[in-house]
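Numbering (the numbering used here), first residue to last: 98 to 292.
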């Protein structure tokens, strides 16, 4: 082998890139004419902001009004629940057997003795067969009666009028009896006497 075969072949140089000519900078001699902002866009933006503010104020006022209405309705519902409970207690007291027996005695009804029966086939009478006497055999308010706390100070024919006051005077003011007033606390709280 010869050294010529191993010798490097000369390389060809690539072509130089073509350069574009540079731009020349020039100083600005005058300001370009500015475009005028359009008044319609500004008015739309301001009107939109005002509309958003008005809607927020309206919603907050509506929510506040609703909360006052809700508080008023819940207070009214609480009063109605208390009144319902009071009327239910009155009804329970008036429908007790002791109250019914007292009301029946006030109307002149009497409790009969033992019952009597008729046999329809032949008309035979079984039992005492006499009518009730003028006096009742059971006294609902007698010595054996247990006091009913629901009937205290409740008349037999109590009315449930809303505006009725028990101790109203003709001029419209209500007087409290001495039993309803709390004891005077002049010498301290009342306590039981011990020895």
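Ideal Cβ placement from N, Cα and C applies to all residues, glycine included.
Delimiting residues of the beta strand (DSSP E) encompassing residue 222: As a position in the chain shown, residue 222 is number 125, starting the count at 1. Element bounds for residue 222: 221-223.
Give me the Cα-Cα distance between residue 163 and residue 147, rounded to the nearest whole angstrom. By one-based count along the chain shown, residue 163 stands at place 66. By one-based count along the chain shown, residue 147 stands at place 50. Each residue's Cα considered, the two are about 24 Å apart.
Residue 179: CB within 7 Å of a non-hydrogen atom of the ligand SAH: Ligands in the displayed structure: none, and consequently the ligand SAH is not present.
Could you compute how far the alpha carbon of residue 129 sits from the alpha carbon of residue 122? By 1-based counting over the chain shown, the position of residue 129 is 32. By 1-based counting over the chain shown, the position of residue 122 is 25. Between residue 129 and residue 122, the C-alpha separation is close to 17 Å.
State buried or exposed for residue 114, treating a residue as buried only when at least 16 other CB atoms are found within 10 Å of its CB. If you number the chain shown from 1, residue 114 lands on position 17. The residue is exposed, with fewer than 16 neighbouring Cβ atoms inside 10 Å.
Through-space distance from residue 172 to residue 202, alpha-carbon basis: Position 105 of the chain shown, counted from the first residue, corresponds to residue 202. Position 75 of the chain shown, counted from the first residue, corresponds to residue 172. One C-alpha to the other measures close to 42 Å.
To the nearest angstrom, how far is it from the Cα of residue 142 to the Cα of residue 154? By one-based count along the chain shown, residue 142 stands at place 45. By one-based count along the chain shown, residue 154 stands at place 57. Taking the straight line from one Cα to the other gives about 19 Å.
Tell me, to the nearest whole angstrom, how far the beta carbon of residue 214 is from that of residue 224; I am working on the premise that it is less than 8 Å. Position 117 of the chain shown, counted from the start, is the residue given in the question as residue 214. Position 127 of the chain shown, counted from the start, is the residue given in the question as residue 224. About 6 Å separates the two Cβ atoms, so the contact holds.
Starting from residue 215, trace the beta strand (DSSP E) in both directions and tell me its first and last residue. Taking the first residue of the chain shown as position 1, residue 215 is located at position 118. 214-216 is the span of the beta strand (DSSP E), which, as asked, contains residue 215.
Expressed to the nearest angstrom, what Euclidean distance is found between the alpha-carbon atoms of residue 175 and residue 192? Working through the chain shown from its first residue, we reach residue 175 at position 78. Working through the chain shown from its first residue, we reach residue 192 at position 95. Distance between the alpha carbons of residue 175 and residue 192: 25 Å.
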